[in-house]
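Undergrad:
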Amino acid sequence: MGEIYGIACPFYQPGDPGTEYEMTADRWRAYGDESLVERFAPTAFDRTLQRRDVRCDLFHNNEVRVGYTSEGSVKLSVDRVGLRYVIDLSRCQSPYQIRELLALRSLRGASVSFYSRSSRQFVENGRRILEHLVIDLDSFALVRHPAYLATTVEIRGGRPFEMIEGEQI
26 MGEIYGIACP
36 FYQPGDPGTE
46 YEMTADRWRA
56 YGDESLVERF
66 APTAFDRTLQ
76 RRDVRCDLFH
86 NNEVRVGYTS
96 EGSVKLSVDR
106 VGLRYVIDLS
116 RCQSPYQIRE
126 LLALRSLRGA
136 SVSFYSRSSR
146 QFVENGRRIL
156 EHLVIDLDSF
166 ALVRHPAYLA
176 TTVEIRGGRP
186 FEMIEGEQI
């Protein structure tokens, strides 16, 4: 079957706009009328990796579950780039649908759903920054339009997209 892997959430890298997300005032009213730039610190996922069972879905639809870290179908790790994931297609709940969506280029990245436990706000070059220092990651999803453009989704191993178990995709 192969594996799906990629970056679920990048850490901020100066000069790489794909590692931050600008939330305009119409999307983020909690901080007033200004826009806010969201970033994740390299410490953001430490708590999650130690304590949480994390779910992976398609398109943030919990009716279409890919798997859980507790089941072993989803593995998470952190490196200097960000939070990485590996999904074992042979152990996930919707392998054929995922492969088909990848073949159609309908999955282009990932998106995270989380609770911020610790963050800091500051102004940098005239922009308001919200940097998450510690979060509890509830789930992440494979999506078509990721907020963070530095997220990725790729496939390795397994059969070619065109033929899976004798079915044409």
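Here our numbering is used: the sequence shown runs in plain steps of one and ends on residue 194. All residues carry an ideal CB built from backbone N, CA and C; glycine is no exception.
(1) Looking only at its chain, what residues have a beta carbon closer than 6 angstroms to the beta carbon of Phe65, apart from the 5 residues adjacent to it on each side?
(2) Val62 and Arg152 look like a contact to me (Cβ under 8 angstroms); what is the Cβ gap, rounded to whole Å?
(3) Quick one: Cα of Val168 to Cα of Arg105, how far?
(4) Rounded to a whole number of angstroms, what is the C-alpha to C-alpha distance between Ser115 and Met26?
(5) Less than 7 angstroms between C-beta atoms, sequence neighbours within five positions excluded: which residues of the same chain meet that for Thr73?
(6) On the CB-based measure, 16 or more other CB atoms within 10 Å of its CB, does Tyr140 come out buried or exposed?
(7) Taking the alpha-carbon positions, what's the Gly107 to Ala166 distance?
(8) Less than 6 angstroms between C-beta atoms, sequence neighbours within five positions excluded: which residues of the same chain meet that for Phe70?
(9) In chain order, what residues of the same chain have a beta carbon less than 8 angstroms from the beta carbon of Glu96, not counting five sequence neighbours either side?
TA: In short:
(1) Cys34, Phe36, His157
(2) 5 angstroms
(3) 23 angstroms
(4) 5 angstroms
(5) So the qualifying residues of the chain are Val79, Ile160, Asp161, Leu162.
(6) exposed
(7) C-alpha of Gly107 to C-alpha of Ala166: approximately 15 angstroms in a straight line.
(8) Val103, Leu108
(9) Counting only Cβ-Cβ distances below 8 angstroms, and skipping sequence neighbours, we find Arg116.
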